[in-house]
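Right, one structure below, let's go through it.
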Ligand SMILES: [Zn+2]
């Protein structure tokens with residue numbers, strides 16, 4: 159009888175172990191973005207000098223994207239914010255991603271936009287060590303989003319451009335709606351929110367993101 163129970167428990171272990179191996183779970187890392195700027199090569203040269211090229215400080219989660227050693231000052235009619243990090247590589251058009259609180263300090267109104275959606279956005283002045291430039295558009299508050307590959311999208315049952323909600327545990331935990339799914343074959347799975355959004359719920363890069371589908 160003892161032998162029978164031992165064999166049975168061993169069998170159960172093997173069966174449940176096999177079940178676990180088949181069931182894959184993907185966790186979504188949380189990336190918390192501070193205010194930052196993307197620059198065109200022309201604006202790099204106006205701010206840092208003719209022929210200047212941006213230098214990499216560290217890689218970011220998305221392949222090919224990196225934080226640069228260079229920073230600029232963002233200037234609005236009511237105030238300025240120094241040491242705003244430049245992200246590389248250079249883009250066709252400059253873009254400035256600030257937070258809601260920054261709008262009050264700078265004295266500007268910035269719409270919530272996904273990166274790259276510059277149409278109708280206001281301008282802002284940038285100051286570098288060698289010069290300054292007024293960009294006529296490109297100022298925004300970043301819309302929260304989740305980067306993923308087509309395979310991740312299949313796994314989570316979502317599509318590019320879909321809006322989902324995300325949920326966080328913790329003493330100040332809660333949820334955010336209107337989180338855009340951004341699918342790209344060269345993406346790395348990562349949920350991007352800004353520092354203000356993270357602070358409001360005491361989130362860190364170790365926080366666990368749970369997707370809640372809206373349909
Ligand atoms: Zn992002």
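Residue numbers (my numbering): 159 to 373.
Cβ coordinates follow ideal geometry from the N, Cα and C atoms, glycine included.
**Message:** Please list the terminal residues of the continuous beta strand (DSSP E) segment that includes residue 292.
**Reply:** 290–293
**Message:** I'd like to know whether the C-beta atoms of residue 230 and residue 205 end up nearer to each other than 9 Å.
**Reply:** yes
**Message:** Within 10 Å of its beta-carbon, does residue 216 have 16 or more other beta-carbons around it, so buried, or fewer, so exposed?
**Reply:** exposed
**Item:** Neighbour-count burial assignment, residue 293, 16 or more Cβ in a 10 Å radius
**Value:** buried
**Request:** Would you give the residue range spanned by the beta strand (DSSP E) that residue 188 belongs to?
**Result:** 188–191
**Collapsed DSSP secondary structure at residue 354 in the structure displayed** = helix
**Prompt:** Nearest-angstrom Cα distance between residue 288 and residue 195?
**Reply:** 17 Å
**Item:** residue 259 in three-state terms, based on DSSP
**Value:** helix
**Request:** Counting only the same chain and skipping the five closest in sequence on each side, list residues whose C-beta sits under 7 Å from that of residue 331.
**Result:** 359
**Prompt:** What did DSSP end up calling residue 204 once you bin it into helix, strand or coil?
**Reply:** helix
**Request:** Kindly indicate which residue of 323, 237, 258 has the alpha-carbon position closest to the one of residue 265.
**Result:** 237
**Asked** Three-state secondary structure (DSSP) at residue 284?
**Response** strand
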